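Here's the structure we're looking at; comments come further down.
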Amino acid sequence: MQPLTKAMQGATCTVKWAFGLPDVVEKLRELKIEQGSKLRVVCKNSDYMIIGVGGKRYAVGNEIAGRIQV
Numbered sequence: 087m088q089p090l091t092k093a094m095q096g097a098t099c100t101v102k103w104a105f106g107l108p109d110v111v112e113k114l115r116e117l118k119i120e121q122g123s124k125l126r127v128v129c130k131n132s133d134y135m136i137i138g139v140g141g142k143r144y145a146v147g148n149e150i151a152g153r154i155q156v
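Under our numbering, the first residue of the sequence shown is numbered 87, with each subsequent residue one higher.
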């Protein structure tokens with residue numbers, strides 16, 4: 087298990103768990119980023135990542151991506 091920020095660009099990962107403030111975790115659930123969901127690292131930058139979840143793409147800051155374990 088590792089934080090999402092350690093995943094390589096192009097990798098497909100399964101979310102093991104996520105932690106953080108309740109409102110942040112709730113927003114992740116609204117975006118379908120929750121335990122057991124699959125996501126793909128589309129683009130990786132020093133400040134953010136673009137991830138694909140269920141046919142949609144989202145930009146996620148590394149401070150949030152680091153709280154998602156895959």
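Don't be surprised by glycine CBs; every beta carbon is placed ideally from N, CA and C. All values derive from a computational prediction rather than experimental measurement.
Below 8 angstroms CB to CB, which residues in the same chain sit around residue i once its five sequence neighbours on both sides are set aside?
i	result
Ala104	Val111, Leu114, Ile119, Glu120, Gln121, Arg153, Ile154 and Gln155
Met87	Lys102, Gln155 and Val156
Among the options, whose alpha-carbon lies nearest the alpha-carbon of residue i?
i	options	result
Lys142	Asn131, Ala151, Lys124 and Asn148	Lys124
Glu149	Ser132, Gly138 and Gly140	Ser132
With DSSP as the reference, identify every bridge partner of residue i, one or two as the case may be.
i	result
Gly147	Tyr134
Ala104	Ile154
Leu114	Leu114 is not bridged to any residue.
Lys124	Thr100
Lys142	Val139
Considering only residues of the same chain and omitting the five flanking positions on each side of residue i, which have a CB-CB separation below 6 angstroms?
i	result
Thr100	Lys124
If I measure Cβ to Cβ from residue i and keep anything under 7 angstroms in the same chain, skipping five residues before and after, which residues do I get?
i	result
Ala93	Cys99, Val127 and Val156
Tyr134	Ala145, Val146, Gly147 and Asn148
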